[in-house]
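Just below is one structure, and these are the notes that go with it.
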Amino acid sequence: MKIFVRERQKVGAGVKQPKYRIVAVTGGQIQIVATHFRKTELEMIAAEVGAEIVWLSPVPDDQKKKH
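With numbering that gives the first Met the number 0 applied, the sequence shown corresponds to residues 0 to 66, in that order.
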């Protein structure tokens with residue numbers, strides 16, 4: 000099982016809010032209730048269900064779509 004995670008976009012440095020968001024899960028069934036997670040929480044969940052965490056890199060600003 001793999002858990003794909005990315006950093007949240009609207010969290011500044013030094014803010015005491017969860018910094019990560021789960022984007023997708025493959026290879027098994029898992030029910031996610033929360034929307035934002037701390038790194039330690041993600042690592043504990045992955046260890047418990049036997050999953051690998053895939054840390055997605057942010058998209059550079061020049062490659063983002065403009066609306």
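Glycine included, C-beta positions come from ideal geometry on N, C-alpha and C. Bear in mind that the values here come from a model prediction, so they are computed numbers and not experimental data.
Under DSSP, the beta-bridge partners assigned to I21 are V4. As a beta-bridge residue in DSSP terms, I52 pairs with I2. A straight line joining the alpha-carbon of K9 with that of V58 spans about 14 Å. Note on geometry: alpha-carbon atoms of I31 and I21 lie some 9 Å from one another. Rounded to whole angstroms, T25 and V53 show a C-alpha spacing of 11 Å. Cβ neighbours of V48 within its own chain (closer than 8 Å, five residues either side excluded): M0, G27, I29.
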